[in-house]
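K.L.:
Number of protein chains: 2
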Amino acid sequence: MAKEMSIGELSRHVGVKVPTIRYYEDAGLLAAPPRSEGGQRRYDERARHTLAFIAHAREMGFSLEAIRSLIDLADHPEKPCVDADRIAKARLEDVRRRIDKLRKLEGELERMLAGHHSGKAADCRIIEVLSDHGRCADDH
Amino acid sequence: MAKEMSIGELSRHVGVKVPTIRYYEDAGLLAAPPRSEGGQRRYDERARHTLAFIAHAREMGFSLEAIRSLIDLADHPEKPCVDADRIAKARLEDVRRRIDKLRKLEGELERMLAGHHSGKAADCRIIEVLSDHGRCADDH
DNA sequence: CCTTGACCCTCTAGTGACTAGAGGAATTAT
DNA sequence: ATAATTCCTCTAGTCACTAGAGGGTCAAGG
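Those protein sequences? They're chains E and V, same order as listed.
Numbered according to UniProt numbering, the first sequence spans residues 1 to 140.
Numbered according to UniProt numbering, the second sequence spans residues 1 to 140.
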């Protein structure tokens, strides 16, 4: 039942580019698959599943390093998963920090664009705002 | 009045690391400053201001490429600043897209951690969630 | 069976925005 | 005068890919 597929098919199924798949193999995230007579990679369902796992984790912003730990954990179900917990928690904190930062940014950019008249650069609010903040950089 | 400073002083004032300052010079963002007898860089207030501008723009997530355009504009006040407008608007959109994505992520990570018992990896929600999403990757 | 065209292989090098280290010269403080 | 600190250039490394060269393989049609 386990139908084999080429790297291109795998790529289309999972939505990960061909060179990226090979890169993941090099990086030790995806096991080196068996090869055809002529030396081409042949993947099974299990490989597809792992790649999808990687792709999803990447979308969630996990680093390849973190994903390596996660895969290692998934491959050894007897191990305690405190690590997975720690990794996910760190990720959540990071995500929250980034949301905060981006929200401040959003406000700043909005203010920048609000007073902007699309005239000459001389009285351009955008450049002004950036410069003013520049000027205050030595107060702290 | 324009007191000169070494690259280290500039670094401390603006909060940008020394090698990064040199990198910005190489990248054409910061003009090559005059040198001392012995060949060390000597910066003035104007350079400090420009570096602060760059640092602030970087914090706001502008690419070096975008910052190059912004600086070019700031240096030529007679030019129309439609470009600055376009750059800032693109940035705002990007920021908003990222906030959206990160908020979805936040929810997903929260759900992941909610049902998690810190037991064995075998019944670890975190790995499960990541895997399940992996499994559904072929439905679209 | 043979050709065609799409796919696959490895390898090297490039991206952005830095960061790290080697090996040596200049400046500053004592 | 000497010692500590800072500075110089240069190369190479980081992360997560992406692009291209120069070739080999596979499946379908004739």
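Idealized CB from N, CA, C, for every residue including glycine.
1) Does any C-beta atom of chain V lie closer than 8 Å to the C-beta of ARG135 (chain E)?
2) Could you list the residues in the stretch 86 to 108 of chain E with a C-beta less than 7 Å from some C-beta on chain V, going in chain order?
3) What would DSSP say about MET112 (chain V), mapped onto helix, strand or coil?
4) Count the C-beta pairs between the stretch 102 to 109 of chain V and the stretch 87 to 95 of chain E that are closer than 8 Å, then say yes if the count reaches three, no if not.
5) From E:ALA57, E:PRO80, E:ASP72 and E:GLU108, pick the residue whose C-alpha is nearest to that of VAL16 (chain E); which is it?
6) In angstroms, rounded to a whole number, what distance separates the CA positions of SER11 (chain V) and ASP26 (chain V)?
7) Could you tell me the distance, in whole angstroms, from the CA atom of SER6 (chain V) to the CA atom of ALA84 (chain V)?
8) I need the boundaries of the alpha helix (DSSP H) containing HIS49 (chain E), first residue and last residue.
9) Assuming ILE54 (chain V) and LEU29 (chain V) are in contact, meaning their beta carbons sit under 8 Å apart, how far apart are those beta carbons, in whole angstroms?
10) Would VAL82 (chain V) be called buried (16 or more neighbouring beta carbons within 10 Å of its own) or exposed?
11) Of all Cβ atoms in chain E, is any one closer than 8 Å to the Cβ of GLY61 (chain V)?
12) Starting from the C-beta of ASP138 (chain V), find all residues in its chain whose C-beta is less than 7 Å away, skip the five residues before and the five after it, and write them out in chain order.
13) Please list the terminal residues of the continuous alpha helix (DSSP H) segment that includes SER11 (chain V).
14) Which residues bound the alpha helix (DSSP H) around ALA66 (chain E)?
15) Quick check: is the beta carbon of LEU10 (chain E) nearer than 8 Å to any beta carbon in chain V?
16) Looking at the strands, I want to know which residues DSSP matches up with ARG91 (chain V).
17) Whole angstroms are fine: how far does the CA of LEU70 (chain V) sit from the CA of ARG35 (chain E)?
18) If distances are taken between C-alpha atoms only, which option among V:ASP75, V:HIS13 and V:ILE99 comes closest to GLU45 (chain V)?
19) With a threshold of 16 other CB atoms inside 10 Å of the CB of GLU59 (chain E), please say whether the residue is buried or exposed.
20) Near TYR43 (chain E), which residues of its chain fall below 6 Å by C-beta distance, leaving aside the five closest residues on each side in sequence?
21) Tell me the residue span of the alpha helix (DSSP H) that contains GLU25 (chain V).
P.N.:
Checking against the coordinates, here is how it stands:
1) Any reading at ARG135 (chain E) needs caution, since the residue's pLDDT is 45, under 50, leaving its predicted position unreliable; the model's value is listed next. Closer than 8 Å to some Cβ of chain V, the Cβ of ARG135 (chain E) qualifies, so yes.
2) Of all residues in the stretch 86 to 108 of chain E, only ALA88, LYS89, ARG91, LEU92, VAL95, ARG96, ARG98, ILE99, LEU102, ARG103, LEU105, GLU106 and GLU108 place a beta-carbon less than 7 Å from a beta-carbon of chain V.
3) The answer is helix: DSSP assigns MET112 (chain V) an H, G or I state.
4) Result yes; three or more Cβ-Cβ pairs closer than 8 Å.
5) Shortest Cα-Cα distance from VAL16 (chain E) to any of E:ALA57, E:PRO80, E:ASP72 and E:GLU108 involves E:ALA57.
6) The straight-line gap from Cα to Cα measures roughly 16 Å.
7) Computed Cα separation, rounded: 32 Å.
8) Residues 45 to 59.
9) That belief holds up - the Cβ atoms of ILE54 (chain V) and LEU29 (chain V) are roughly 6 Å apart, short of 8 Å.
10) Answer is exposed; the Cβ neighbour count stays below 16.
11) Answer yes: the Cβ-Cβ gap between GLY61 (chain V) and chain E drops below 8 Å somewhere.
12) For ASP138 (chain V), the predicted structure reports a pLDDT of 40, less than 50, and the residue's modelled location is therefore unreliable. A value from the coordinates is still provided. Contacts found: none.
13) Residues 7 to 14.
14) DSSP places ALA66 (chain E) inside the alpha helix (DSSP H), whose first and last residues are 64 to 75.
15) In terms of beta-carbon proximity, LEU10 (chain E) stays away from the interface with chain V, with every pair separated by 8 Å or more.
16) Beta-bridge pairing links ARG91 (chain V) to no other residue.
17) Distance between the alpha carbons of ARG35 (chain E) and LEU70 (chain V): 52 Å.
18) Closest by alpha carbon: V:HIS13.
19) Its Cβ having fewer than 16 others within 10 Å, GLU59 (chain E) is exposed.
20) Cβ within range, chain order: MET5, LEU10 and PRO33.
21) Unbroken alpha helix (DSSP H) run through GLU25 (chain V): 18 to 26.
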